[in-house]
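According to this note's numbering, the sequence shown is numbered sequentially starting from 12. From the three backbone atoms N, C-alpha and C, an ideal C-beta is built for every residue, glycine too. These notes are about the structure you will find just below.
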Amino acid sequence: MPELIKSHCEACRAGAPEVDDKQAKELLAQIPDWAIHRAGGVARLERLYHFRDFVSALAFTNEVGALAERMGHHPELTTGWGQVKVVWYTHKINGLHLNDFICAAHTDALFDGIG
């Protein structure tokens, strides 16, 4: 289990420091199924989860939504038949913050049934 799972999101303010490339590489080692992609010049953590049907994908989407409310940090969620795409990034800084990696680890824990 990654160290990130032991952490909880903390309120992020505009101007908070983004995770640099070295930090991102170290943090990604704890959540290896995630990747950093850029959209509109903004770095984002993305992962596609696979399910046996739509009902299972929708249930997971709802679990991630509840996690987001608990953390006070909200991802982009795209739900389709047998899959859910989760994207974490910090809107206030238009990039990646430690909170995004923490939430990604917690999302994995939900998927693995340990969250």
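Rounded separation between residue 55 and residue 105 - CA only: To locate residue 55, count along the sequence shown from 1; it is residue 44. To locate residue 105, count along the sequence shown from 1; it is residue 94. Taking the straight line joining both Cα atoms gives about 9 Å.
C-beta contact flag for residue 93 and residue 65 at 8 Å: Walking along the sequence shown from the start, residue 93 turns up at place 82. Walking along the sequence shown from the start, residue 65 turns up at place 54. Contact: yes.
Delimiting residues of the alpha helix (DSSP H) encompassing residue 33: Stepping through the sequence shown from its first residue, residue 33 is reached at position 22. 32 to 39 is the extent of the alpha helix (DSSP H) around residue 33.
Supposed close pair residue 72, residue 88 - CB separation, criterion 8 Å: As a working mapping, residue 72 is identified with position 61 in the sequence shown. As a working mapping, residue 88 is identified with position 77 in the sequence shown. Residue 72 to residue 88, Cβ: 5 Å. Contact.
Residue 108, buried or exposed, once every other Cβ within 10 Å from all chains shown has been counted against 16: For the purposes of this step, residue 108 is taken as residue 97 along the sequence shown, with counting starting at 1. Answer is buried; the Cβ neighbour count reaches 16.
Residue 120 - DSSP class collapsed to helix/strand/coil: Residue numbering aside, residue 120 sits at position 109 when the sequence shown is read from its first letter. DSSP places residue 120 in helix when its eight states are reduced to three.
Buried or exposed by the 16-neighbour rule on C-beta atoms within 10 Å, applied to residue 40: The residue labelled residue 40 in the question sits at position 29 within the sequence shown. Residue 40 is exposed by the Cβ-count criterion.
Beta-carbon separation (whole angstroms), residue 16 vs residue 116, contact threshold 8 Å: If you number the sequence shown from 1, residue 16 lands on position 5. If you number the sequence shown from 1, residue 116 lands on position 105. With a Cβ gap of about 5 Å, residue 16 and residue 116 count as contacting.
Coarse secondary structure for residue 21, derived from DSSP in three states: Along the sequence shown, read from residue 1 onward, the residue named residue 21 stands at position 10. Coil, per DSSP.
Nonlocal neighbours in the same chain, by C-beta distance under 7 Å from residue 118, ignoring five residues either side: Residue mapping note: residue 118 aligns to position 107 of the sequence shown, counting from 1. Correct list, in chain order: 75, 78 and 97.
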